[in-house]
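In numbering that gives the first Met the number 0, the protein residues as written are 0 to 115. All residues carry an ideal CB built from backbone N, CA and C; glycine is no exception. Since we're looking at a predicted model, the values are computed, not measured. Structure record follows, encoded as structure tokens.
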Amino acid sequence: MKTLKNFMPLLALVLGIGLVFTQSAFKSVASAQEERWFVYTASDHPTNVTDAKQPGNYTMLDLNELPACEGSEDLCAIRATVDAGQPDISGSVATAIDDYFDPSPQVDPAYLAIKN
Numbered sequence: 000m001k002t003l004k005n006f007m008p009l010l011a012l013v014l015g016i017g018l019v020f021t022q023s024a025f026k027s028v029a030s031a032q033e034e035r036w037f038v039y040t041a042s043d044h045p046t047n048v049t050d051a052k053q054p055g056n057y058t059m060l061d062l063n064e065l066p067a068c069e070g071s072e073d074l075c076a077i078r079a080t081v082d083a084g085q086p087d088i089s090g091s092v093a094t095a096i097d098d099y100f101d102p103s104p105q106v107d108p109a110y111l112a113i114k115n
């Protein structure tokens, strides 16, 4: 019984260090899941859903910058989760792009910005 008491402080220390490392790992994942605006820069605007879903066709804006969309009503920018400096075009973002290129287009302002 005396040997178990001797290991309790060491066990508490190991558990404490493990808790610190696991919490640090979750914080870095959360910051990687940041949403930002990305402006379409491959041309004036995407003309089809395939081009609009290519992450490399976009440039990320600064943290609090909003897209300056001027001109005719064309797709200008998307708001998406950052994935290695490019937009993650999946889930709701991909659906919003599909809806925009649908024969009766719908614009979801949470994910898309169009020129005005």
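Inter-residue Cα distance where the pair is residue i and residue j
| i | j | result |
| --- | --- | --- |
| VAL81 | GLU34 | 6 Å |
| VAL48 | ILE96 | 7 Å |
| ASP107 | ILE113 | 10 Å |
| ASP50 | GLY84 | 18 Å |
| LEU111 | VAL92 | 8 Å |
| ASP43 | ALA76 | 11 Å |
Residue i, buried or exposed, once every other Cβ within 10 Å from all chains shown has been counted against 16
| i | result |
| --- | --- |
| PRO117 | Nothing about residue 117 can be reported from this structure: the residues present for the chain run from 0 to 115 only. |
| ASN56 | buried |
| LEU74 | buried |
| PRO104 | exposed |
| ALA41 | exposed |
Residues sharing a beta bridge with residue i, DSSP
| i | result |
| --- | --- |
| TYR110 | Answer is none; TYR110 lacks a bridge partner. |
CB-CB length for residue i against residue j, believed under 8 Å
| i | j | result |
| --- | --- | --- |
| ALA79 | PHE37 | 6 Å |
Could you pull out every unbroken alpha helix (DSSP H) segment of at least 4 residues lying fully inside the stretch 21-99, listed in chain order?
48-51 and 90-99
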